[in-house]
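In the UniProt record's numbering, the protein residues as written are 1 to 293.
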């Protein structure tokens with residue numbers, strides 16, 4: 001049970017809900033935004049003193065019944081509710097650290113996708129394996145050393161990211177990535193690599209630090225994305241995410257919104273830069289192994 005993370009999460013969730021949203025009378029101006037502690041306690045059916053101790057990180061371990069009541073009172077989303085339970089070590093949760101074994105069938109799929117950019121990512125956004133098109137379409141992400149290949153690191157430290165994503169797209173992607181990383185931190189509370197990544201990003205990126213302090217949680221899912229490429233211009237793609245649940249990994253693929261092959265800008269990029277003879281079809285990060293399942 002991570003008492004300090006639980007306390008921060010409860011405070012940030014309480015601050016975003018107004019009394020009208022919660023079905024309570026609005027009694028006028030408030031010194032701070034959001035519900036009062038006594039209002040959350042009332043909605044959750046618990047004593048004010050007990051709730052205050054939870055927010056101060058010194059209360060007793062809440063039961064599942066209490067967690068369910070808090071989730072209802074704070075109007076948590078499904079992702080936020082799961083995160084709340086993970087903070088208490090409740091519910092299904094992987095042990096140890098994110099897995100770096102990629103099923104061999106997934107690697108074969110990356111190779112077979114050919115012109116479709118695709119990569120395998122673990123819970124902390126490390127890219128474990130990728131096909132050649134991934135490095136072609138993502139610019140300086142593709143130029144990062146394999147042992148530093150991490151999407152969070154690229155998003156917040158790349159000097160060239162805004163050549164590929166405008167401010168709106170970069171901001172939306174940054175918010176979603178940090179919220180998703182917060183979910184992973186709840187699932188793996190003792191993983192030193194996640195802790196090190198958070199510390200690194202907090203130290204070097206004020207934008208990351210501000211987003212991390214919000215305690216937003218949301219699992220990354222399919223989305224549309226617009227980016228700019230120096231060779232093919234502005235491209236709209238579907239960013240599709242396939243789960244590998246027994247490894248807690250995801251396969252991310254970029255497919256053109258225009259399904260006609262003759263108008264597909266991603267296919268055009270592949271034609272502009274054909275691979276030299278003998279170029280491997282896929283790459284694998286150091287320390288990553290393939291496993292047959």
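C-beta: ideal position from N, C-alpha, C; glycine also.
- A contact between stretches requires three or more CB pairs, one per stretch, nearer than 8 Å, and the region 273-292 meets this requirement with the region 94-112.
- Linking residue 170 to residue 47 through their CA atoms gives a straight-line distance of about 43 Å.
- Contact annotation, residue 279 with residue 132: C-beta distance approximately 7 Å; criterion of less than 8 Å satisfied.
- In this structure, DSSP gives residue 103 an extended state, which the three-state scheme calls strand.
- Relative to residue 226, the option among 254, 211, 220 whose CA is nearest is 254.
- Between residue 185 and residue 194 the beta-carbon gap is near 5 Å, inside 8 Å, which marks them as a contact.
- Inclusion of residue 107 and residue 6 in the CB contact set at 8 Å is not warranted, their separation being larger than that value.
- Per DSSP, residue 186 lies in no beta strand (DSSP E); the unbroken alpha helix (DSSP H) holding it starts and ends at 167-187.
- Under DSSP, the beta-bridge partners assigned to residue 253 are 118, 240.
- When DSSP states are grouped into helix, strand and coil, residue 290 belongs to the strand group.
- Residue 228 is bridged by DSSP to 234.
- With respect to residue 181, residue 229 sits apart: the two C-beta atoms are not nearer than 8 Å.
- Between the beta-carbon of residue 120 and that of residue 129 there is about 4 Å, and that keeps the pair under the 8 Å contact cut.
- With contacts defined as CB atoms closer than 8 Å, residue 251 and residue 239 fail to qualify as a contacting pair.
- Among the bridge pairs identified by DSSP, residue 126 is matched with 150.
- By the Cβ neighbour-count rule, residue 224 is exposed, with fewer than 16 other Cβ atoms within 10 Å of its own.
- Annotation for residue 21: 75 place their beta carbon closer than 8 Å to its own, counting only its chain and skipping 5 residues before and after.
- With a cutoff of 8 Å on beta-carbon distance, residue 50 and residue 37 are scored as not near each other.
- Around the Cβ of residue 199, a 10 Å sphere holds fewer than 16 other Cβ atoms; the residue is exposed.
- Residue 265 is positioned such that its CB atom lies closer than 8 Å to that of residue 232.
- Cβ neighbours of residue 165 within its own chain (closer than 6 Å, five residues either side excluded): 227.
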